[in-house]
Amino acid sequence: PSVTFAALVLLQCLEACFLTAHGSSGHRLFVSAFMLASKVIHDDAYLNKSWSIIAQRMFQLRDL
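Quick note: the sequence shown uses our numbering, first residue 190, plus one each step.
If you want it as structure tokens, here you go:
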């Protein structure tokens, strides 16, 4: 299974459950969904510093 596809499915489910929710950054939400999907599918944890690099520094290390 594709982690990207799983992250998109998760986001679709979230959108269906929270129709009125609005956020300022879809990128941050996608990266969060991607992190979760990666953990579930691969059961492998990257370091927070690695996720910060992958997310192009959208998250501070303390946020992760």
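Ideal placement from N, C-alpha and C gives every residue a C-beta, glycine not left out.
Beta-carbon gap between residue i and residue j smaller than 7 angstroms
i       : j       : result
Ala-340 : Ala-196 : In this structure the chain extends from 190 to 253, so residue 340 is not present and cannot be described.
Where residue i falls: helix, strand or coil (DSSP)
i       : result
Gln-245 : coil
Leu-199 : helix
Thr-209 : coil
Asp-252 : helix
Inter-residue Cα distance where the pair is residue i and residue j
i       : j       : result
His-274 : Ser-214 : The question about residue 274 has no answer here: the residues shown for the chain are numbered 190 through 253.
Leu-203 : Tyr-235 : 24 angstroms
Val-198 : His-216 : 15 angstroms
Nearest-angstrom Cβ-Cβ length linking residue i and residue j, presumed shorter than 8 angstroms
i       : j       : result
Leu-200 : Ala-222 : 5 angstroms
Val-220 : Ala-244 : 4 angstroms
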